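Residue numbers (my numbering): 181 to 286.
Worksheet for the structure shown next.
Spelled out as structure tokens, the structure:
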């Protein structure tokens, strides 16, 4: 059950990453130059209340240094790249290796 939830999160992050990459590609063709939307801009466009809530929660419950250098660096990266990384992370966690002896073992 946990593996299914992790794979669903991975699929959702992959779908959103493809959407963000498609939007960046369309804007790049329109502007005739590469356009990479940072995660902070995409997140604040989609849901401005949640980014403030997450920032407040991290500063209150963790250390403010976690938000300032670490989270701000992640939020400045392109949205599609961060979401692809999140998707890969959850897929790796949910991955189940096939048995060594093969399919027909007891």
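Positions of the beta carbon are idealized from the N, C-alpha and C atoms, including for glycine.
This one's a predicted model, so the numbers in the text were calculated from it and none came from an experiment.
Residue j beta carbon less than 8 angstroms from that of residue i
i	j	result
residue 267	residue 194	yes
residue 197	residue 260	yes
residue 190	residue 274	yes
residue 218	residue 255	yes
residue 216	residue 258	yes
residue 247	residue 232	no
residue 211	residue 263	no
Bounding residues of the alpha helix (DSSP H) (the contiguous stretch that carries residue i)
i	result
residue 230	228 to 241
residue 217	It is not in any alpha helix (DSSP H) - residue 217 carries neither H nor E in the DSSP assignment.
Coil, strand or helix - residue i by DSSP
i	result
residue 258	strand
residue 212	coil
residue 272	helix
residue 182	helix
residue 282	coil
Within-8 angstroms CB hit, residue i to chain C
i	result
residue 243	Within the model displayed, chain C is absent; a lone protein chain is all it includes.
Next item on the list: Please determine if the segment 273 to 283 and the segment 221 to 237 are in contact, where contact requires at least 3 C-beta pairs separated by less than 8 angstroms.
Entry: These segments do not touch.
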